[in-house]
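In full-length UniProt numbering, the protein residues as written are 1 to 314.
The structure appears right after this line, and notes come after that.
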């Protein structure tokens, strides 16, 4: 079908950074008008292609009847990031390949270990997904991550191991590292436990991390910083440890929502902003909440199954 072929070619050019300035402007125009679009599943592939094709055709026709206007040219990586933000990185991955896609998922309230065909092992935190194609380990080893995962990569200097998230691309030959890339987080973190990794960040700039180094990327302003960190703390979740290291109550309860698959509503805005510290190993939700109540004055109301209301005590 003509629409399919055009979109396949366009997406292929996006993936390689070979768009012309006119194509970038057309895509930019398209993205501006689809900010509220959400894709529920990869099964909508044909509908997505057709909508993109029609929108681009409309944009081209409109440009024929308008004088050329100066617009700031956006670099490719920003356009690609915008596309993945709209249709999802998994959908984009599906559109760019005709191969079989394998998806591994750790549901809310659980953690899961995934063994890849090359012998590498990935621990997925709650609410995370990992995708790879049937050609994995042919010439290279590439996976897509949404959420958080700890990677123990089998060494193979001939086949780089690449982890792609919505905002970053991490490349290694053989090492262990953690990536935290939940969509709702304000930053993306890549933390190295052993070996060395290469991270492609804003404008395709590359940074190299070694053991006990961490890169924190802010997708809102395309800035990042590299720092030393405590690897034991950052992968505590892998050992079934819930760790609160001077974080806000709001962030702490969001972590508990994923960990235990519950809904937690904090009614007091001031309570949300308070910071806490704590460490809980192999603990139930009730045990964690009881522990937090030693330092924070709040009550817990069970409104219905898997839903809690947190109220600050007077």
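Using N, Cα and C, we set each Cβ at its ideal position, and we do this for glycine too.
- In the DSSP assignment, residue 272 falls within the unbroken alpha helix (DSSP H) covering 269 to 273.
- In this structure, residue 163 sits near residue 143, with a CB-CB distance shorter than 7 Å.
- Of the candidates 215, 282, 173 and 222, the residue whose Cα lies closest to the Cα of residue 236 is 282.
- Around the CB of residue 208, fewer than 16 other CB atoms lie within 10 Å, so the residue is classed as exposed.
- In this chain, the alpha helix (DSSP H) harbouring residue 291 covers 285 to 292.
- Excluding its 5 nearest sequence neighbours in each direction, residue 217 has C-beta neighbours in its own chain below 7 Å: 167, 168, 187, 188, 201 and 224, listed in chain order.
- As computed with DSSP, residue 210 is found in a beta bridge with 196.
- Residue 160 sits away from residue 137, with the two beta carbons spaced by 7 Å or more.
- Between residue 271 and residue 249, the gap from beta carbon to beta carbon is short of 7 Å.
- Take residue 241, set aside five residues on each side of it, and the residues of its chain with a beta-carbon closer than 6 Å to its own are 281, in chain order.
- Under the three-state reduction of DSSP, residue 225 is assigned to strand.
- Within its own chain, the residues whose Cβ lies closer than 8 Å to the Cβ of residue 106, once the five positions on either side in sequence are excluded, are 112, 124, 125, 126, 127, 128, 129 and 147, listed in chain order.
- Taking the C-beta atoms as reference points, residue 266 is found no nearer than 7 Å to residue 306.
- Going by DSSP, residue 186 is part of no beta strand (DSSP E) at all; its letter is neither H nor E.
- If you check the CB distance, residue 153 and residue 175 come in under 7 Å.
- CA-to-CA, the gap between residue 275 and residue 139 works out to about 47 Å.
- For residue 165, the number of other beta carbons within 10 angstroms of its own is at least 16, and it is reported as buried.
- DSSP lists 181 as the bridge partner or partners of residue 147.
- For the 7 Å CB-CB criterion, residue 299 and residue 313 form a contact.
- Here DSSP, grouped into helix, strand and coil, assigns residue 256 to helix.
- Ranked by Cα distance from residue 284, the first of 292, 196, 269 and 260 is 260.
- Going by DSSP, residue 232 is part of the alpha helix (DSSP H) stretching over 231 to 234.
- Taking a contact as a CB-CB distance under 8 Å, the pair residue 311 and residue 268 counts as one, their CB atoms being some 7 Å apart.
- Only buried fits residue 179, as 16 or more other CB atoms lie within 10 angstroms of its CB.
- The shortest CA-to-CA distance from residue 293 to any of 303, 304, 258 and 253 is the one to 253.
- Counting C-beta atoms within 10 angstroms of its own C-beta, residue 149 has 16 or more neighbours from the protein chains shown and is therefore classed as buried.
- Here the alpha carbons of residue 170 and residue 122 stand approximately 14 Å from one another.
- Following the DSSP letters along the chain, one finds residue 106 inside the beta strand (DSSP E) bounded by residues 101 to 106.
- Shown here, residue 249 sits in a helix according to DSSP, grouped into three states.
- Around the beta-carbon of residue 213, 16 or more other beta-carbon atoms lie within 10 Å, marking it buried.
- Residue 101 and residue 135 have their C-alpha atoms some 9 Å from each other.
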